[in-house]
Amino acid sequence: MTHNSNAHDNGTLGAELPKFSVNVVPTDRLRREDLGTMLNRYRHGEITPLIFGDDNKPEAAIIPFAAFVRLMKYDHAAHVHAEAPFQAELSRRIQEPDASGEAGMTIEELAESLGPLGQQWADEHRAAQQEKRDE
Amino acid sequence: MSERQPAIRLLPTTGLKQDLQTLHDAAVMHPHGPEDRLLRVALNQMGRIQQGAPSTHPLEYMPSYPDLSDCETTYVGADPNAKPSHRIVWRERAPQCPGEPVTREIFALGERANGQAYYMAGQRLGRPVGFTLAELAAQREPIASPSRPRKRSISSFETPSMSEPDLQFE
Numbered sequence: 020m021t022h023n024s025n026a027h028d029n030g031t032l033g034a035e036l037p038k039f040s041v042n043v044v045p046t047d048r049l050r051r052e053d054l055g056t057m058l059n060r061y062r063h064g065e066i067t068p069l070i071f072g073d074d075n076k077p078e079a080a081i082i083p084f085a086a087f088v089r090l091m092k093y094d095h096a097a098h099v100h101a102e103a104p105f106q107a108e109l110s111r112r113i114q115e116p117d118a119s120g121e122a123g124m125t126i127e128e129l130a131e132s133l134g135p136l137g138q139q140w141a142d143e144h145r146a147a148q149q150e151k152r153d154e
Numbered sequence: 028m029s030e031r032q033p034a035i036r037l038l039p040t041t042g043l044k045q046d047l048q049t050l051h052d053a054a055v056m057h058p059h060g061p062e063d064r065l066l067r068v069a070l071n072q073m074g075r076i077q078q079g080a081p082s083t084h085p086l087e088y089m090p091s092y093p094d095l096s097d098c099e100t101t102y103v104g105a106d107p108n109a110k111p112s113h114r115i116v117w118r119e120r121a122p123q124c125p126g127e128p129v130t131r132e133i134f135a136l137g138e139r140a141n142g143q144a145y146y147m148a149g150q151r152l153g154r155p156v157g158f159t160l161a162e163l164a165a166q167r168e169p170i171a172s173p174s175r176p177r178k179r180s181i182s183s184f185e186t187p188s189m190s191e192p193d194l195q196f197e
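Keeping their order, the protein sequence lines are chains A and B.
Throughout the first sequence, residue numbering follows this note's numbering, covering 20 to 154 in sequence.
Throughout the second sequence, residue numbering follows this note's numbering, covering 28 to 197 in sequence.
Following this line, the structure appears as structure tokens:
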């Protein structure tokens with residue numbers, strides 16, 4: 020289903036429509052026969068929408084189904100366009116989370132980066148490793 | 028760099044560095060206290076992880092936790108006479124190119140109590156509780172709700188033929 024939000028219009032070429040006026044049919048004057056008439060017109064290639072609502076406010080529109088599908092396509096394309104970077108980032112995080120820009124380091128380097136106790140541990144660890152290698 | 032190039036590339040994540048820094052700073056405040064001992068034991072264990080030591084055990088998926096089934100856990104504790112109080116959560120990744128070393132990423136050093144270490148690791152991995160890795164990966168695909176029987180499915184948003192009589196709407 021399409022939606023009423025125009026959030027994805029930002030930056031979309033041609034998204035801003037020029038001003039236009041519409042004839043609003045009051046809801047209580049809409050008859051069942053009008054629907055048949057509109058359908059017949061659409062079958063003959065007309066595309067003019069039937070716009071109706073209360074208090075002279077355009078609240079709903081009857082449009083050719085092909086036009087509705089075109090609107091859905093537009094919304095879908097905008098959705099996919101907006102989602103692509105998000106999904107790429109999500110995918111990257113699932114595959115390689117928390118690894119952005121982080122280089123590998125040895126445990127001694129990691130310990131030294133902490134402060135004096137870490138440096139002390141690193142010195143002791145290096146000495147113990149050296150001793151092991153010398154044996 | 029004075030160390031020999033290890034066969035395993037250790038990748039301490041930002042979160043792990045924070046865990047260690049917090050522990051280190053507490054240890055500085057209490058020399059020879061439990062934090063000091065835990066810091067040394069944890070660094071020793073991470074040194075072993077870097078040298079290729081196996082974990083205490085691999086993790087499995089549990090619905091009340093984030094899915095860490097691709098991770099391992101290593102037990103650590105300051106008191107050798109008590110059950111290990113902390114967990115190191117890490118994961119091994121195969122090299123992406125031939126000749127590169129295996130990478131071991133360490134995500135968290137946290138308390139065992141209440142599964143804190145595992146929730147922290149899950150959060151850092153961006154994994155919500157109760158979703159399997161397969162489900163999270165599937166969220167990358169568009170979600171389609173199954174069509175109800177009376178609903179006409181319009182594949183690929185193509186405009187239907189005007190002559191088809193069976194379109195129904197709800």
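For every residue, glycine included, the Cβ atom is placed at its ideal position computed from N, Cα and C.
This one's a predicted model, so the numbers in the text were calculated from it and none came from an experiment.
Chain A contact residues for proline 39(B), given Cβ-Cβ distances below 7 Å:
What you label residue 39(B) is simply residue 12 of the second sequence in a count that begins at 1. Neighbours of proline 39(B) on chain A, chain order: Met124, Leu129.
Taking 9 Å as the threshold (beta carbon to beta carbon), is proline 135(A) in contact with chain D?
Among the protein chains of the structure shown, namely A and B, there is no chain D.
Whole alpha helix (DSSP H) elements within the stretch 64 to 138 of chain A, 4-residue minimum:
84 to 114, 126 to 131
Using the rule of at least 16 other Cβ atoms within 10 Å of the residue's Cβ for burial, across every protein chain shown, is leucine 58(A) buried or exposed?
Sequence index remark: in the first sequence, residue 58(A) carries index 39 (1-based). Answer is exposed; the Cβ neighbour count stays below 16.
Helix, strand or coil at arginine 6(A) [DSSP, three-state]:
With chain A covering only 20 through 154, there is no way to say anything about residue 6(A).
Please state whether the Cβ-Cβ distance between isoleucine 133(B) and threonine 40(B) is less than 9 Å.
Residue 133(B) sits at position 106 when you count from the first residue of the second sequence. Residue 40(B) sits at position 13 when you count from the first residue of the second sequence. Their beta carbons are under 9 Å apart, which means isoleucine 133(B) touches threonine 40(B) by this criterion.
Listing by chain order, which chain B residues have their CB less than 7 Å from the CB of histidine 144(A)?
Position 125 of the first sequence holds residue 144(A). In chain order: Gly74.
What residues from chain A crowd round aspartate 106(B), counting only those whose CB sits closer than 9 Å?
Indexing the second sequence from 1 puts residue 106(B) at position 79. Under the 9 Å cutoff, chain A gives no residues; its nearest Cβ is about 19 Å from aspartate 106(B).
Residues of chain A with CB closer than 8 Å to the CB of threonine 100(B), please, in chain order.
If you number the second sequence from 1, residue 100(B) lands on position 73. Those within 8 Å of threonine 100(B) in chain A number zero; the least Cβ separation is about 17 Å.
Within the 9 Å Cβ cut-off, does threonine 130(B) reach chain A?
Position 103 of the second sequence, counted from the start, is the residue given in the question as residue 130(B). So, interface residue.
Give the DSSP bridge partners of leucine 136(B), in chain order.
The residue labelled residue 136(B) in the question sits at position 109 within the second sequence. Answer is Ile115(B), bridged to leucine 136(B).
Which same chain residues end up closer than 7 Å to glutamate 138(B) when comparing Cβ atoms and leaving out the 5 residues on each side of it in sequence?
The residue given as residue 138(B) occupies position 111 in the second sequence. Closer than 7 Å at the Cβ level, and outside the excluded window around glutamate 138(B), lie Ser112, His113, Ala144.
Using a cut-off of 7 Å between C-beta atoms, extract the partners of leucine 70(B) located in chain A.
Residue mapping note: residue 70(B) aligns to position 43 of the second sequence, counting from 1. Under the 7 Å cutoff, chain A gives Ile126, Ala130, Trp140.
Would you say histidine 51(B) faces chain A, with C-beta separation under 9 Å as the test?
One-based indexing of the second sequence puts residue 51(B) at position 24. Yes, because at least one Cβ of chain A sits closer than 9 Å to the Cβ of histidine 51(B).
Using a Cβ-Cβ cutoff of less than 7 Å, which residues in the same chain neighbour threonine 159(B) once the five nearest sequence positions on both sides are dropped?
As a working note, residue 159(B) is residue 132 in the second sequence. So the list reads Tyr88, Asp94, once near-sequence residues are dropped.
If the cut is a Cβ gap below 9 Å, which residues of chain A does glutamine 150(B) touch?
Indexing the second sequence from 1 puts residue 150(B) at position 123. Under the 9 Å cutoff, chain A gives no residues; its nearest Cβ is about 10 Å from glutamine 150(B).
Quick check: the Cα distance between asparagine 42(A) and arginine 89(A), rounded to an integer number of angstroms?
Sequence index remark: in the first sequence, residue 42(A) carries index 23 (1-based). Sequence index remark: in the first sequence, residue 89(A) carries index 70 (1-based). Cα-Cα distance, rounded: 23 Å.
Under DSSP, the alpha helix (DSSP H) around proline 61(B) begins and ends at which residues?
Here residue 61(B) is taken as the residue at index 34 of the second sequence, counted from 1. Where proline 61(B) is concerned, the enclosing alpha helix (DSSP H) stretches over 61 to 77.
For the beta strand (DSSP E) containing tyrosine 88(B), name the first residue and the last one.
For the purposes of this step, residue 88(B) is taken as residue 61 along the second sequence, with counting starting at 1. Looking at the DSSP string, tyrosine 88(B) is not in any beta strand (DSSP E), and its letter there is neither H nor E.
In this structure, what does DSSP give as the bridge partners for threonine 9(B)?
A query on residue 9(B) cannot be resolved here, the shown segment of chain B reaching from 28 to 197 and no further.
Cβ neighbour criterion (16 or more within 10 Å) applied to threonine 46(A)
Taking the first sequence and counting its residues from 1, one reaches residue 46(A) at position 27. Classification for threonine 46(A): exposed.
Using a C-beta to C-beta distance shorter than 7 Å, which residues of chain A count as neighbours of arginine 67(B)?
Position 40 of the second sequence, counting from 1, holds the residue named residue 67(B). The contacting residues are Trp140.
Where leucine 54(A) and glutamine 166(B) are concerned, what is the direct C-alpha to C-alpha distance, given to the nearest angstrom?
As a working mapping, residue 54(A) is identified with position 35 in the first sequence. As a working mapping, residue 166(B) is identified with position 139 in the second sequence. In a straight line, the C-alpha of leucine 54(A) is about 41 Å away from that of glutamine 166(B).
Let me know the secondary structure DSSP gives valine 44(A) once reduced to three states.
The residue labelled residue 44(A) in the question sits at position 25 within the first sequence. Strand, per DSSP.
Do you know how far the Cα of threonine 125(A) is from the Cα of glycine 42(B)?
Against the second sequence, residue 42(B) aligns to sequence position 15. Against the first sequence, residue 125(A) aligns to sequence position 106. Roughly 17 Å separates the two Cα atoms.
Closest to glutamate 127(A) by CA distance: which of Ala140(B), Ala54(B), Gln77(B), Lys110(B) is it?
Here residue 127(A) corresponds to residue number 108 of the first sequence, with the count starting at 1. Closest by alpha carbon: Gln77(B).
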